[in-house]
Amino acid sequence: MADVNPGERPLSPHLSIYRPQLTSISSILNRITGVGLLLSAVLIVWWLLAAATSAEAYAQANGVITSMLGDLVMTLSLLAVWFHYLSGLRHLYFDAGNGLDVETAEKLGWVVVIGSVVLTALTLIII
Amino acid sequence: MRYLTDRKRAEGRGAAHSGTAHHWYMQVSAFGLALIVPTFLFIFGRALGSSHAEVLEVFSRPVPAIVTALMLIVGMQHFRKGMQTVLEDYTKKSTRKALLMISATLSYGLAATGLFALAKIAF
């Protein structure tokens, strides 16, 4: 049959027909964390540029980033970067043709979720 | 289905016109970032919140300066190409083109700004 409305075809992924499951949620979170880390990048570059500019500019940038809201944003960024990190490693493993059966894929999903929280806590302790 | 030979099917590098180059870049940069990110987190995490003089001292040393530069270059390229996949999935036509341009501008802009700051501190 001819396509009656070629301009309005649905784009992937078809979220409305999906039952939420760990593999889809971790995939979506991988995107959200990747895009969201732009905010962290902006803040860190601002902080670096301020340090290169003057002591006053640095005091201002450092003050904002280490304020209560700043600490919250940086801690969430840390969680996001560790999630994206582990999720990325999982995708590299998948892309090599491994771990694609449902059971292993779900298990690895939990490794990513729990691992990112553990690594965030560890990082906060070490630094 | 049209009768096609295997050779004909492989010609022209598929619908993306660039074959698997994008996917391969993401894999290579992901591997690179797997090494860079933990090192950068350690350096930046330690420096964040310290005095201005201490920050200048840290980023004028070779290892912190080089790792931060790599973080900016590889990280922002990985971001730009990742955003490209996201935008190609969720947007189309002029919106897609505009957002791809904005994303490229932001990525290169941030990387260049960060590198300038690093250079100013280091030299």
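Those protein sequence lines, which keep their order, are chains A and B. Its first residue numbered 1, the first sequence is counted upward by one per residue in my numbering. Its first residue numbered 1001, the second sequence is counted upward by one per residue in my numbering. For glycine and all other residues, C-beta sits at the position ideal for the given N, C-alpha and C. Since the model is a prediction, treat every value here as computed from it, not as a measurement.
Closer than 7 angstroms at the beta carbon, the chain B residues around I65 (chain A): For I65 (chain A), the neighbours in chain B by C-beta distance under 7 angstroms run, in chain order, L1048.
Taking CB distances under 8 angstroms as the criterion, tell me whether M1076 (chain B) reaches chain A. The Cβ of M1076 (chain B) sits closer than 8 angstroms to at least one Cβ of chain A.
For I1036 (chain B), would you say it is in contact with chain A, using Cβ-to-Cβ distances shorter than 8 angstroms as the test? Closer than 8 angstroms: no.
Among residues of its own chain, excluding the 5 on either side of M74 (chain A), which ones have a beta-carbon nearer than 6 angstroms to its beta-carbon? Close CB contacts of M74 (chain A) within its chain, under the 6 angstroms cut and outside five residues either way in sequence, are absent.
Report yes or no: do three or more beta-carbon pairs, one from the region 99-117 of chain A and one from the region 1020-1028 of chain B, lie closer than 8 angstroms? Contact between the region 99-117 of chain A and the region 1020-1028 of chain B is absent, because fewer than three Cβ pairs lie under 8 angstroms.
Name the residues in the region 94-111 of chain A whose C-beta lies less than 9 angstroms from a C-beta of chain B; which are they? From the region 94-111 of chain A, only D95 have a Cβ closer than 9 angstroms to chain B.
Would R1080 (chain B) pass as a contact of E1088 (chain B) if the rule is Cβ separation under 8 angstroms? In this structure, E1088 (chain B) does not lie closer than 8 angstroms to R1080 (chain B) by Cβ.
From the DSSP output, in three-state form, read off L1048 (chain B) for me. Coil at L1048 (chain B), not helix or strand.
Out of curiosity, what's the CA-to-CA distance linking L78 (chain A) and H1017 (chain B)? Distance between the alpha carbons of L78 (chain A) and H1017 (chain B): 36 angstroms.
If you follow the alpha helix (DSSP H) that Q1077 (chain B) is in, where does it begin and where does it stop? Run containing Q1077 (chain B): P1062 to Y1090, per the alpha helix (DSSP H) assignment.
Count the CB pairs spanning the region 1039-1052 of chain B and the region 45-58 of chain A that are closer than 8 angstroms, and state whether there are at least three. The region 1039-1052 of chain B vs the region 45-58 of chain A: in contact.
Start and end of the alpha helix (DSSP H) containing H1017 (chain B)? Counting along the chain, H1017 (chain B) falls outside any alpha helix (DSSP H), and DSSP gives it neither H nor E.
With a threshold of 16 other CB atoms inside 10 Å of the CB of M1076 (chain B), please say whether the residue is buried or exposed. Burial call: buried.
CB contact below 8 angstroms: M1101 (chain B) versus chain A: Chain A contact via Cβ: absent.
Could you name the residues of chain A that K1120 (chain B) contacts, counting a contact when the two beta carbons are closer than 7 angstroms? Chain order gives the chain A residues near K1120 (chain B) as A52, where near means a beta carbon separation below 7 angstroms.
Does any C-beta atom of chain B lie closer than 8 angstroms to the C-beta of T123 (chain A)? Contacts with chain B at 8 angstroms (Cβ-Cβ) include T123 (chain A).
Along the chain, where does the alpha helix (DSSP H) containing L1118 (chain B) start, and where does it finish? K1093 to A1122 is the extent of the alpha helix (DSSP H) around L1118 (chain B).
In whole angstroms, what separates the C-alpha of L1100 (chain B) from that of H1052 (chain B)? Here the alpha carbon of L1100 (chain B) sits roughly 36 angstroms from the alpha carbon of H1052 (chain B).
On the three-state DSSP scale, how would you describe R31 (chain A)? The answer is helix: DSSP assigns R31 (chain A) an H, G or I state.
Less than 8 angstroms between the C-beta atoms of I1036 (chain B) and V1063 (chain B), yes or no? For the pair I1036 (chain B) and V1063 (chain B), the CB atoms are not nearer than the 8 angstroms cut-off.
Kindly list the residues whose CB is nearer than 6 angstroms to the CB of A1104 (chain B), restricted to its own chain and excluding five residues on each side of it in sequence; keep chain order. If we look at A1104 (chain B) and ignore the five residues flanking it on each side, its Cβ neighbours are R1080.
Can you name the residues of chain A whose CB is closer than 9 angstroms to the CB of V1055 (chain B)? Those within 9 angstroms of V1055 (chain B) in chain A are W47, L48, A51, Y58 and N62.
Measure the C-alpha to C-alpha separation of I25 (chain A) and V113 (chain A) and round it to an integer number of angstroms. Approximately 10 angstroms between the Cα atoms of the pair.
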